[in-house]
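Comments concern the structure below.
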Amino acid sequence: MNRQVVDSRMFRRGRALAYLEDEDRYLTADSEPEFRFGIVGCGMMGQEHIRNAQLLGRASVAGIYDPSPRSVAHASELIAQRDGRSEPRIYASLEEACADPATDALIIATPNFTHLEVMRQAVQTGKALLLEKPIATTVADAWEVCRLAANHRQIVRFGLQYRHKAIYAEAAQAVLDQKVVGRVHSVNMLEHRFPFLDKVGQWNKFSDFTGGTLVEKCCHYFDLMNLFAGSVPRSVFAVGNQAVNFRDFTYENKQADGIDQAQVTIEYENGVIGGFALCMFAPGMREELIVCGDVGRLQACENSLLGGETENRVELWRGENGASSISHPSYPPYIARAGHHGSTFFEHAEFADDLSTGQSSGPSIADGFWSVVAGAAAQASIHSGAAVDVAEVLPDDFDAHLLGREGQSDDG
Ligand SMILES: NC(=O)c1ccc[n+]([C@@H]2O[C@H](COP(=O)([O-])OP(=O)(O)OC[C@H]3O[C@@H](n4cnc5c(N)ncnc54)[C@H](O)[C@@H]3O)[C@@H](O)[C@H]2O)c1
Numbered sequence: 511m512n513r514q515v516v517d518s519r520m521f522r523r524g525r526a527l528a529y530l531e532d533e534d535r536y537l538t539a540d541s542e543p544e545f546r547f548g549i550v551g552c553g554m555m556g557q558e559h560i561r562n563a564q565l566l567g568r569a570s571v572a573g574i575y576d577p578s579p580r581s582v583a584h585a586s587e588l589i590a591q592r593d594g595r596s597e598p599r600i601y602a603s604l605e606e607a608c609a610d611p612a613t614d615a616l617i618i619a620t621p622n623f624t625h626l627e628v629m630r631q632a633v634q635t636g637k638a639l640l641l642e643k644p645i646a647t648t649v650a651d652a653w654e655v656c657r658l659a660a661n662h663r664q665i666v667r668f669g670l671q672y673r674h675k676a677i678y679a680e681a682a683q684a685v686l687d688q689k690v691v692g693r694v695h696s697v698n699m700l701e702h703r704f705p706f707l708d709k710v711g712q713w714n715k716f717s718d719f720t721g722g723t724l725v726e727k728c729c730h731y732f733d734l735m736n737l738f739a740g741s742v743p744r745s746v747f748a749v750g751n752q753a754v755n756f757r758d759f760t761y762e763n764k765q766a767d768g769i770d771q772a773q774v775t776i777e778y779e780n781g782v783i784g785g786f787a788l789c790m791f792a793p794g795m796r797e798e799l800i801v802c803g804d805v806g807r808l809q810a811c812e813n814s815l816l817g818g819e820t821e822n823r824v825e826l827w828r829g830e831n832g833a834s835s836i837s838h839p840s841y842p843p844y845i846a847r848a849g850h851h852g853s854t855f856f857e858h859a860e861f862a863d864d865l866s867t868g869q870s871s872g873p874s875i876a877d878g879f880w881s882v883v884a885g886a887a888a889q890a891s892i893h894s895g896a897a898v899d900v901a902e903v904l905p906d907d908f909d910a911h912l913l914g915r916e917g918q919s920d921d922g
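Per our numbering, numbering through the sequence shown is continuous, rising by one, with the last residue being 922.
As structure tokens, this is what we get:
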């Protein structure tokens, strides 16, 4: 990414320089977008993708599809507000969105239970794809999504963008690239947050539609745990229940059934041990990652009270093995505000780079798959009360080889 262009976004967005003629613009000049996106699913996350595509400025939104007229209206307004260049096409169907030759890539931000069906159609196109997390609601469906993605001749990216949050990007550089804690032996994560927000059709209150809370929301955290462990889960034990949230909530005569607290223990194939703690009835948001290695310990936290400012902190202890430190990694506020603490902006930057180079930089197909497997195994463990051997939840036709060959076609 061109740093000078990044630095100019703050000035380009403001009104203070609006009086300038185009020929007097250098730092604030708009460049022609290189790519054109179609957005499939224009709710909360689809609109976040629109905002970030526009903030980054490397792609325009050429068309949108959503069966909800309100979502379409809000997304169209957002596009009109920020991108006066041209009106987006409003597709009448997914088929129309897939068939539009004016787009290079589709961003799929529909509810979890629709991902497989949408992907089955989307891979019929020659377009690159960004599919939101979780890639599917069950291990079997996730495996089918992976097979579709592996055989697609274009870039396929999965929406596990928490890797780009400032604290985790810093932690990854320190632990994985610089190996500051030495050999990793344990990875612990915590997510304490407010309840699930309202959604179109309230799909996120029902495990059949989400895959269960530990698949829906927590696939992000299992992805991070898998990343820092450098391995995939071998065995998963979990306890959890629906303690507080939506216990009296019904929709279309169906009782909400998502769990809102859990403790999960993971044994990884390489011997790393992992723990994950979830509470979804906290009046704020705290995320925490602790990685312990044989020469150090790193803790990364993101913390905010409801409506308050976010505090980021990464703490490294190295004792006599090297320098210890405390840092506060952050992104410019206008990037952080564009969604998920700036991680979605950097996801878009990498997606645009991937489209330019034709090379996928991840999260990989394997990352998408194992983040669902960990969550689904944890949900299964809560259900059975026993530890789940991950090999037993894998599909009969599972082939680890395919996960190492993402982006390459089976037939060469
Ligand atoms: N990466 C992240 O951090 C993150 C954050 C939030 C949500 N998500 C994911 O994004 C997806 C959407 O979540 P959301 O919060 O935007 O939900 P939402 O309910 O706000 O929006 C979903 C939209 O999809 C539309 N839709 C439903 N079925 C469709 C279909 N078959 N084709 C096209 N549109 C369809 C709905 O009408 C709605 O407008 C989910 O998979 C969710 O897990 C990811």
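Just so you know, even glycine gets a beta-carbon here, dropped at the ideal spot from N, CA and C.
Secondary structure of residue i, DSSP reduced to three states
| i | result |
| --- | --- |
| GLU542 | coil |
| ASN763 | coil |
| GLN664 | coil |
| ASP576 | coil |
| GLU558 | helix |
| LEU566 | helix |
| MET790 | coil |
| LEU537 | coil |
| TYR529 | coil |
| ARG823 | strand |
| ILE645 | coil |
| GLY922 | Residue placement at GLY922 cannot be trusted, given a pLDDT of 32 that sits under 50; what the coordinates show is reported in the next sentence. Correct three-state label for GLY922: coil. |
| CYS802 | strand |
Buried versus exposed call for residue i [16 or more other C-beta atoms within 10 Å across all chains shown]
| i | result |
| --- | --- |
| LEU707 | exposed |
| ASN751 | exposed |
| LEU816 | exposed |
| TYR601 | buried |
| TYR761 | exposed |
| PHE704 | exposed |
| ALA910 | exposed |
| TYR529 | exposed |
Residue i versus residue j - alpha carbon distance
| i | j | result |
| --- | --- | --- |
| ASP775 | ALA659 | According to the sequence as given, residue 775 is Thr; it is not Asp. Taking the straight line joining both Cα atoms gives about 30 Å. |
| HIS695 | ALA810 | 16 Å |
| PHE521 | PHE791 | 39 Å |
| GLY895 | ALA569 | 48 Å |
| LEU537 | SER518 | 5 Å |
| VAL685 | LEU808 | 8 Å |
| VAL633 | HIS662 | 6 Å |
| ALA590 | ARG561 | 11 Å |
| TRP653 | GLY524 | 45 Å |
| GLU777 | ALA612 | 47 Å |
| THR723 | LEU527 | 46 Å |
| GLN765 | GLY781 | 40 Å |
Under 8 Å between C-beta atoms of residue i and residue j
| i | j | result |
| --- | --- | --- |
| ARG744 | VAL900 | yes |
| GLY806 | VAL690 | yes |
| ALA467 | VAL882 | The requested residue 467 does not occur in the structure, where the chain is confined to residues 511 to 922. |
| GLY669 | LEU640 | yes |
| ALA619 | GLY551 | yes |
| LYS715 | PHE759 | yes |
| CYS728 | GLY878 | no |
| ILE836 | ARG823 | yes |
| VAL860 | SER871 | First, the residue type needs correcting, since residue 860 is Glu and not Val in the sequence shown. For GLU860 and SER871, yes; Cβs fall inside 8 Å. |
| PHE747 | SER891 | yes |
| GLY692 | GLY784 | no |
| VAL725 | VAL903 | no |
Hey, which unbroken runs of the alpha helix (DSSP H) at 4 residues or more fall wholly within the stretch 586-629?
Correct list: 604-609.
Length-filtered (4 minimum) alpha helix (DSSP H) runs lying within the stretch 830-900:
Fully enclosed alpha helix (DSSP H) runs of 4 or longer: 843-846, 853-867 and 875-894.
Report the start-end ranges of each alpha helix (DSSP H) in the stretch 683-761 that is 4 residues or longer and not cut off at the edges.
Qualifying alpha helix (DSSP H) stretches, in chain order: 717-720, 723-726 and 729-739.
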